[in-house]
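*Asks:* First the structure, which I've put down as structure tokens, then a few questions once you've had a look.
Number of protein chains: 2
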Amino acid sequence: MTRTYLDYNATAPLRDEARAAMVAAMDLVGNPSSVHAEGRAAKALVENARAQVAAAVGCAPSEVIFTSGATEAAQMLAHPRPGHDVFVQDTAHDALFSHLKLSDWPERPLGPGHTLAMGLANSETGVITQPPEQIDGQWPYGDTARADWLLLDVTQAVGRIPFAFSWSGADFAILSAHKLGGPKGVGALIVRQGVDIDPLTTGGGQEMGRRSGTENVIGIAGFGAAAEAAARDLADGAWDRVAKLRDMLEDAIATGANNTIFVGKGGPRLPNTSCFVAPGWKGETQVMQMDLAGFAVSAGSACSSGKVRASRVLRAMGFDDIAAASALRVSLGTATTEDDILRFAETWLAKYMKFRARAA
Amino acid sequence: MTRTYLDYNATAPLRDEARAAMVAAMDLVGNPSSVHAEGRAAKALVENARAQVAAAVGCAPSEVIFTSGATEAAQMLAHPRPGHDVFVQDTAHDALFSHLKLSDWPERPLGPGHTLAMGLANSETGVITQPPEQIDGQWPYGDTARADWLLLDVTQAVGRIPFAFSWSGADFAILSAHKLGGPKGVGALIVRQGVDIDPLTTGGGQEMGRRSGTENVIGIAGFGAAAEAAARDLADGAWDRVAKLRDMLEDAIATGANNTIFVGKGGPRLPNTSCFVAPGWKGETQVMQMDLAGFAVSAGSACSSGKVRASRVLRAMGFDDIAAASALRVSLGTATTEDDILRFAETWLAKYMKFRARAA
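Here it is as structure tokens:
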């Protein structure tokens with residue numbers, strides 16, 4: 132059976148550029164910490180990838196710390212400073228929410244001595260949150276509410292929407308390689324020049340002393356190549372075509388199932404993500420039925436699959452339990468075709484009609 | 132110029148089996164946390180690798196937690212239990228020493244409520260330390276000195292000497308893939324069934340809730356294949372041949388430079404490691420001269436390259452500052468040939484004679 136992969140927000144297929152870079156890196160025998168020629172060659176490859184990632188993220192190479200993914204990057208900031216509270220946006224990814232949840236996103240104005248942690252683009256809905264810094268140059272919490280630091284989870288945003296760390300106003304950013312076509316298990320913490328954090332791991336002193344442990348050389352090579360290719364695709368307008376396919380999908384679904392709710396439609400969203408609610412039809416059931424029919428989609432972030440029934444993110448947006456448990460996330464990539472979308476909509480609508488008939 | 136790589140303790144070349152497994156894994160698009168077919172296929176690959184690593188380490192698959200390397204694995208045990216002290220052997224690797232150094236290796240007997248952390252085989256010298264449990268079934272600190280837990284760093288030992296976690300008496304073990312021919316940036320923490328530790332990272336709840344973050348699927352596939360191949364090589368006696376080459380190297384060096392000290396010679400050592408001291412000739416200088424002549428060797432663990440001049444490990448063994456700064460580590464692999472060894476010895480001896488002539 133033909134499989135159609137529409138779960139790019141869970142993870143994207145490995146880009147050809149990343150594959151080639153990784154296969155080439157397999158021939159480098161050295162440990163980047165070794166001083167001999169083999170070690171220096173491995174180190175040079177890591178530094179080349181650091182420059183590629185920095186260019187894609189819009190920061191300086193020295194601001195990039197390679198990690199084993201966004202989760203580890205978030206963890207490195209769990210305790211940025213003694214006595215320094217971290218407030219987490221209630222729609223943020225579990226990785227941020229669990230690590231950094233010293234306090235929920237504040238309803239009251241914040242004084243100094245705090246960090247705000249938020250996702251730039253939500254993995255479940257694709258909704259883009261404007262960083263507080265960028266709202267008329269004011270924090271939304273009033274003039275006196277300037278938190279010390281802003282942490283942005285840009286995992287779903289980099290390579291899909293224009294973003295540069297340097298003009299984001301953020302002090303930290305976290306991202307992972309596999310959402311932009313690199314390998315799973317590698318990511319980065321971006322730390323603004325001049326900001327000092329304690330290392331999570333010590334020992335060998337790699338990554339300028341900020342993250343010890345022998346580098347994932349092959350994975351880092353893939354991350355760098357994927358980041359470079361993703362930035363090029365974005366500049367070339369590849370995601371404009373994807374946004375049109377996403378709109379075509381939503382039009383087809385809306386026409387056939389006119390009480391479907393499209394989460395975040397009309398506001399700023401990622402170009403590739405559609406999250407829609409068919410009230411009463413459980414998202415998990417939809418995922419299983421579509422999987423059997425050959426389509427890979429999701430009922431929430433992959434990391435929370437099988438763990439929660441009602442989406443915390445949708446609950447936080449004001450949806451009730453039934454609606455929040457009835458959402459499907461379809462996330463497209465640059466390889467997605469019109470045929471993929473039309474077949475998906477046709478199959479989903481047929482199953483939806485059966486659900487309606489049973490429920491009636 | 133022909134390059135001869137004799138720095139296997141820093142990192143080993145990627146095994147063909149690991150390369151093939153990694154390239155195959157590149158075709159799996161799914162996130163192991165996703166419930167659809169693509170996700171389940173990625174999950175199955177991770178579980179297959181877990182069984183391969185478990186077989187090589189001699190433990191149950193459920194005792195294997197994949198990490199980004201031995202350093203992260205050590206870090207996960209930095210605070211195994213509130214109020215629980217960790218004592219670290221003074222010759223242990225920096226990763227253990229820095230993370231776990233709540234107290235130095237004790238000279239006094241230990242009461243319960245403590246963890247002993249030690250390296251099974253030293254990366255700089257190859258010297259094998261017998262775990263306390265195995266000395267006549269007694270801890271060396273007396274009958275009342277039973278620590279609660281024993282942590283073994285088996286990074287340099289697995290695949291080179293017979294070892295099984297199940298009979299080691301250890302409660303925890305840490306290792307990395309790249310020392311046994313897998314990729315850099317992946318490793319494991321082995322936790323004895325029934326022992327409970329707090330996760331270092333939370334969020335997605337991967338690795339049975341013990342280590343969150345999307346899995347390094349490609350790297351884990353390489354780790355599994357390399358572990359399986361390493362265990363097979365060990366069973367086939369591949370390292371007996373390596374030990375003969377190591378002895379041949381030491382004989383050649385001793386014949387030409389008869390005041391050289393071979394660290395740990397005569398006691399239990401890894402089959403592939405020779406650490407020798409040419410008093411007064413700095414190890415760093417030796418490394419650079421041999422590098423220029425085409426040989427990759429080391430003056431200590433790769434992770435401490437360029438950071439310390441006198442080896443902490445050799446100091447702990449009783450060598451004075453000058454001797455501890457004059458050590459060279461030559462570490463062989465199963466691909467090392469007699470020709471490699473003889474050319475190395477000839478080149479090293481020629482340079483040593485020049486050093487002696489200048490020093491005289």
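Going line by line, the protein sequences match chains A and B.
Counting from 132, one number per residue, gives the positions in the first sequence under the numbering used here.
Counting from 132, one number per residue, gives the positions in the second sequence under the numbering used here.
Each residue gets a CB set at the ideal place from its N, CA and C atoms; glycine is no exception.
Kindly indicate which residue of B:N403, B:L423, B:I384, B:P402 has the alpha-carbon position closest to the one of A409 (chain B).
*Replies:* As a first step, residue 409 (chain B) is located in the second sequence; it is residue number 278 there, counting from the start. Of the candidates B:N403, B:L423, B:I384, B:P402, the one whose C-alpha sits nearest the C-alpha of A409 (chain B) is B:I384.
*Asks:* What does I349 (chain A) touch in chain B if you count any residue whose Cβ is under 9 Å from its own?
*Replies:* The sequence position of residue 349 (chain A) within the first sequence is 218, counting from 1. Neighbours of I349 (chain A) on chain B, chain order: L145, M153, P314, K315, G316, I349, G350, G353.
*Asks:* Does the Cβ of W298 (chain B) have 16 or more other Cβ atoms within 10 Å, making it buried, or fewer, making it exposed?
*Replies:* Locating residue 298 (chain B) in the second sequence gives position 167, where the first residue counts as 1. Per the 10 Å Cβ criterion, exposed.
*Asks:* Please name the residue in B:M132, B:R487, B:D138, B:N162 whose C-alpha comes closest to that of S307 (chain A).
*Replies:* Here residue 307 (chain A) refers to the residue found at position 176 when the first sequence is read from its first residue. Considering only B:M132, B:R487, B:D138, B:N162, the residue with the shortest C-alpha distance to S307 (chain A) is B:N162.
*Asks:* So with CB distances below 8 Å, who are the chain A contacts of T246 (chain B)?
*Replies:* Position 115 of the second sequence, counted from the first residue, corresponds to residue 246 (chain B). Here the premise fails: no neighbours, minimum Cβ distance about 17 Å.
*Asks:* Determine whether the beta carbon atoms of L282 (chain B) and A319 (chain B) lie at a separation below 7 Å.
*Replies:* For the purposes of this step, residue 282 (chain B) is identified with residue 151 of the second sequence, where counting begins at 1. For the purposes of this step, residue 319 (chain B) is identified with residue 188 of the second sequence, where counting begins at 1. Not in contact: L282 (chain B) and A319 (chain B) (Cβ atoms no closer than 7 Å).
*Asks:* Would you verify that the beta carbon of V136 (chain A) is, or is not, closer than 7 Å to some beta carbon of chain B?
*Replies:* Counting from one through the first sequence, the residue named residue 136 (chain A) turns up at place 5. For the sequence presented, residue 136 (chain A) should be read as Tyr rather than Val. So yes, Y136 (chain A) belongs to the interface.
*Asks:* If we ignore side chains and look at the alpha-carbon of each, how far apart do P237 (chain A) and E346 (chain B) end up?
*Replies:* Stepping through the first sequence from its first residue, residue 237 (chain A) is reached at position 106. Stepping through the second sequence from its first residue, residue 346 (chain B) is reached at position 215. Reliability of the predicted coordinates at P237 (chain A) is poor, the pLDDT of 47 falling under 50, and the value obtained from them is presented with this limitation in mind. If you take the alpha carbons of P237 (chain A) and E346 (chain B), they lie about 32 Å apart.
*Asks:* Quick check: is the beta carbon of F344 (chain A) nearer than 7 Å to any beta carbon in chain B?
*Replies:* Working through the first sequence from its first residue, we reach residue 344 (chain A) at position 213. Reading off the sequence shown, one finds Gly at residue 344 (chain A), where the question assumed Phe. Chain B contact via Cβ: present.
*Asks:* Is T222 (chain A) close to chain B? Criterion is C-beta to C-beta, closer than 7 Å.
*Replies:* Locating residue 222 (chain A) in the first sequence gives position 91, where the first residue counts as 1. Not an interface residue.
*Asks:* Look at the alpha carbon of S165 (chain A) and the alpha carbon of T391 (chain A), and state the distance between them as a whole number of angstroms.
*Replies:* Position 34 of the first sequence, counting from 1, holds the residue named residue 165 (chain A). Position 260 of the first sequence, counting from 1, holds the residue named residue 391 (chain A). C-alpha separation (whole angstroms): 58 Å.
*Asks:* Determine the DSSP secondary structure at I292 (chain B), reduced to helix, strand or coil.
*Replies:* Here residue 292 (chain B) corresponds to residue number 161 of the second sequence, with the count starting at 1. If DSSP states are grouped into helix, strand and coil, I292 (chain B) belongs with coil.
*Asks:* Across which residues does DSSP place W280 (chain A) in a beta bridge pair?
*Replies:* Within the first sequence, residue 280 (chain A) is the residue found at index 149, counting from 1. W280 (chain A) is bridged to A:T246.
*Asks:* State the start and end residues of the unbroken alpha helix (DSSP H) segment that holds T222 (chain A).
*Replies:* Here residue 222 (chain A) refers to the residue found at position 91 of the first sequence. T222 (chain A): not part of any alpha helix (DSSP H); DSSP gives it neither H nor E.
*Asks:* Using a Cβ cut-off of 7 Å (strictly closer), state whether D364 (chain B) contacts chain A.
*Replies:* In the second sequence, counting from the first residue as 1, residue 364 (chain B) sits at position 233. D364 (chain B) does not count as touching chain A.
*Asks:* From this set, A:V461, A:N140, A:A454, which residue's C-alpha is nearest L380 (chain A)'s C-alpha?
*Replies:* The residue you call residue 380 (chain A) lines up with position 249 of the first sequence. If we check each option's Cα against that of L380 (chain A), A:V461 comes out closest.
*Asks:* At 9 Å on the CB atoms, spell out the chain B contacts of R327 (chain A), in chain order.
*Replies:* By 1-based counting over the first sequence, the position of residue 327 (chain A) is 196. The question names Arg, but residue 327 (chain A) is Asp in the sequence shown. Under the 9 Å cutoff, chain B gives no residues; its nearest Cβ is about 19 Å from D327 (chain A).
*Asks:* Taking only the alpha-carbon atoms, compute the straight-line gap between A356 (chain A) and A180 (chain A) and give it to the nearest angstrom.
*Replies:* Reading the first sequence from its first residue, position 225 is the one you call residue 356 (chain A). Reading the first sequence from its first residue, position 49 is the one you call residue 180 (chain A). Computed Cα separation, rounded: 7 Å.
*Asks:* Which residues in chain A have a C-beta closer than 7 Å to the C-beta of M157 (chain B)? List them in chain order.
*Replies:* Walking along the second sequence from the start, residue 157 (chain B) turns up at place 26. Those are L145, R150, listed as they occur along chain A.
*Asks:* Under 7 Å between C-beta atoms, does A304 (chain B) make it to chain A?
*Replies:* Position 173 of the second sequence, counting from 1, holds the residue named residue 304 (chain B). It does not; no Cβ of chain A falls within 7 Å.
*Asks:* Find the nearest neighbour of V177 (chain B) within the set A:K396, A:V160, A:K315, A:T468, judged by alpha-carbon distance.
*Replies:* Walking along the second sequence from the start, residue 177 (chain B) turns up at place 46. V177 (chain B) has its Cα closest to that of A:K315, out of A:K396, A:V160, A:K315, A:T468.
*Asks:* Checking contacts by CB at 7 Å: is S462 (chain B) closer than that to chain A?
*Replies:* Here residue 462 (chain B) is taken as the residue at index 331 of the second sequence, counted from 1. Chain A contact via Cβ: absent.
*Asks:* From D371 (chain A) to K485 (chain A), what does the alpha carbon distance come to, in whole angstroms?
*Replies:* The count along the first sequence starts at 1 and reaches residue 371 (chain A) at position 240. The count along the first sequence starts at 1 and reaches residue 485 (chain A) at position 354. Cα-Cα distance, rounded: 34 Å.
*Asks:* Name the chain A residues that come within less than 9 Å of V177 (chain B), Cβ to Cβ?
*Replies:* By one-based count along the second sequence, residue 177 (chain B) stands at place 46. Residues of chain A passing the Cβ test: none, with the nearest at roughly 10 Å.
*Asks:* Would G200 (chain B) pass as an interface residue toward chain A - the criterion being a Cβ-Cβ separation below 7 Å?
*Replies:* Position 69 of the second sequence holds residue 200 (chain B). Interface residue, yes.
*Asks:* Please list the residues of the stretch 394 to 406 of chain B that have a C-beta atom closer than 9 Å to any C-beta atom in chain A, keeping them in chain order.
*Replies:* none
*Asks:* For D274 (chain B), which residues in the same chain have their Cβ closer than 7 Å to its Cβ, ignoring the five residues on either side in sequence?
*Replies:* Sequence index remark: in the second sequence, residue 274 (chain B) carries index 143 (1-based). At D274 (chain B) the pLDDT is 38, less than 50, meaning the model places this residue with poor confidence and gives no usable figure here.
*Asks:* When the distance is taken between beta carbons, is E194 (chain A) closer than 7 Å to Q324 (chain A)?
*Replies:* As a position in the first sequence, residue 324 (chain A) is number 193, starting the count at 1. As a position in the first sequence, residue 194 (chain A) is number 63, starting the count at 1. A Cβ-Cβ contact shorter than 7 Å links Q324 (chain A) with E194 (chain A).
*Asks:* Helix, strand or coil for V428 (chain B) per DSSP?
*Replies:* The sequence position of residue 428 (chain B) within the second sequence is 297, counting from 1. If DSSP states are grouped into helix, strand and coil, V428 (chain B) belongs with coil.
*Asks:* Cβ of E169 (chain B) less than 7 Å from any chain A Cβ?
*Replies:* Numbered from its first residue, the second sequence carries residue 169 (chain B) at position 38. By this cut-off, E169 (chain B) is an interface position.
*Asks:* May I ask you to verify whether the stretch 395 to 414 of chain A touches the stretch 141 to 152 of chain B, counting CB pairs closer than 8 Å and requiring at least 3?
*Replies:* No, they do not touch.
*Asks:* Going by beta carbon distance, what residues of the same chain come within less than 6 Å of W359 (chain A), once the five residues before and after it are set aside?
*Replies:* Walking along the first sequence from the start, residue 359 (chain A) turns up at place 228. Correcting the residue type first, residue 359 (chain A) is Glu in the shown sequence and not Trp. Excluding residues within five positions, the ones whose Cβ falls inside 6 Å are Q183.
*Asks:* Starting from the Cα of A424 (chain A), find the closest Cα among A:D471, A:E169, A:T386, A:A361 and give me that residue.
*Replies:* Within the first sequence, the letter at position 293 stands for residue 424 (chain A). Considering only alpha carbons, the answer is A:D471.
*Asks:* By the three-class DSSP mapping on this structure, what secondary structure does R487 (chain B) have?
*Replies:* The residue labelled residue 487 (chain B) in the question sits at position 356 within the second sequence. Shown here, R487 (chain B) sits in a helix according to DSSP, grouped into three states.
*Asks:* Exposed or buried, which one is R134 (chain A) when buried takes at least 16 other CB atoms within 10 Å?
*Replies:* By 1-based counting over the first sequence, the position of residue 134 (chain A) is 3. Exposed, by the Cβ-count rule.
*Asks:* Name the chain B residues whose beta carbon is nearer than 8 Å to that of D422 (chain A)?
*Replies:* Reading the first sequence from its first residue, position 291 is the one you call residue 422 (chain A). Those are V166, H167, A168, listed as they occur along chain B.
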